[in-house]
Amino acid sequence: AQKVTQAQTEISVVEKEDVTLDCVYETRDTTYYLFWYKQPPSGELVFLIRRNSFDEQNEISGRYSWNFQKSTSSFNFTITASQVVDSAVYFCALKRGNAGNMLTFGGGTRLMVKP
Amino acid sequence: DAGITQSPRHKVTETGTPVTLRCHQTENHRYMYWYRQDPGHGLRLIHYSYGVKDTDKGEVSDGYSVSRSKTEDFLLTLESATSSQTSVYFCAISEGGGPSTDTQYFGPGTRLTVL
């Protein structure tokens, strides 16, 4: 069975602080895909990134960066110099490589960035 | 933004009544999905479709049925709504071009309350 754990249910930071959101996953598949989605207060889900299991290169996109470590089954998300607009619920998700298209989501982390 | 609309956006109904939620896409994507979002559970897959009239069950399919008679529309039906089906329902779409490139994009959500 697949499982995604986001142990931090809520995080509160002050603007300009760096913050890391943790994501730990469980799967027996050798090929799988990891995702991060953002859900701002308006409620929609916004796709941020996907990472394939065979590509362990970390990725940076502006203030966002992702650290994928297969050895610890983690796919952590860091926001540098956080801003109030980063306040949202962030979801990590896992998809099996060769068995359907179902996404298994973590419970989400609510990030509050205070001015 | 992916062209996905959901209707209605909000609905209040009573226990035992039938309810149908509609998802409409303008992207001509092959795959469509229905998820429900509940606190602490992230999103969980209810049903998905991989083509017209081709559907399959997800993780939490009991009490739900779906239909897809056209590429652009995917309907979710609660035959007899129960209070446990109070939730936010999200539709998602993906091209289905292959697992290494396939990404799901989500609609705006429908908030359903069953009294």
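The listed protein sequences correspond, in order, to chains A and F.
The opening residue of the first sequence carries number 224 in our numbering; numbering runs sequentially from there.
The opening residue of the second sequence carries number 15 in our numbering; numbering runs sequentially from there.
We put the beta carbon where it would ideally sit given N, CA and C, even for glycine.
Enclosing beta strand (DSSP E) for A:Asn281 [first to last residue]: Neither: A:Asn281 is in no beta strand (DSSP E) and is coded neither H nor E.
If the cut-off is 9 Å on Cβ atoms, which residues from the stretch 62-81 of chain F count as contacting chain A, listed in chain order? Tyr62, Tyr64, Asp70, Gly72 and Glu73
Would you report the Cα separation of F:Tyr78 and F:Leu129, rounded to the nearest angstrom? Near 18 Å, if we compare the C-alpha coordinates of F:Leu129 and F:Tyr78.
Using three-state DSSP, classify F:Ser83 as helix, strand or coil. strand
Taking the runs of the alpha helix (DSSP H) that are 4 residues or longer, which of them lie wholly in the stretch 295-333 of chain A? none
Within 9 Å, strictly: CB atoms of F:Leu57 and A:Phe314: Yes, these two residues count as a Cβ contact at 9 Å.
Measure the CB-CB distance between A:Trp289 and A:Thr303 and report whether it falls below 9 Å. no
Kindly indicate which residue of A:Trp259, A:Pro263, A:Gly285 and A:Gly266 has the alpha-carbon position closest to the one of A:Asn275. A:Trp259
Just to confirm my understanding: we take A:Glu238, look at its own chain, exclude 5 residues before and 5 after, and list those with CB closer than 8 Å. What are they? Ser305, Gln306, Val307, Val336, Lys337 and Pro338
Within the present structure, is the beta-carbon of F:Ser108 separated from the nearest heavy atom of the ligand NAD by less than 8 Å? This structure simply doesn't include the ligand NAD, nor any ligand for that matter.
Closer than 9 Å to chain F by CB, A:Thr231: Checking the displayed sequence, the identity of residue 231 of chain A turns out to be Gln instead of Thr. No, no contact with chain F.
Here's the rule I'm using: 16 or more other beta-carbon atoms within 10 Å means buried, otherwise exposed. How should A:Ile283 be labelled? exposed
Proximal residues to A:Lys293 (C-beta, below 8 Å), its chain only, five neighbours per side dropped: Ser276 and Glu279
Closer than 7 Å, Cβ to Cβ, to anything on chain F: give me those residues from the stretch 266-293 of chain A, in chain order. Gly266, Glu267, Leu268, Phe270, Arg273 and Asn275
Along the stretch 51-62 of chain F, what residues have a CB closer than 9 Å to any CB found in chain A? Gln51, Pro53, Gly54, His55, Gly56, Leu57, Arg58, Leu59 and Tyr62
F:Ser98 classed as buried or exposed, judged by whether at least 16 other C-beta atoms fall within 10 angstroms: Exposed, because fewer than 16 other Cβ atoms sit within 10 Å of the Cβ of F:Ser98.
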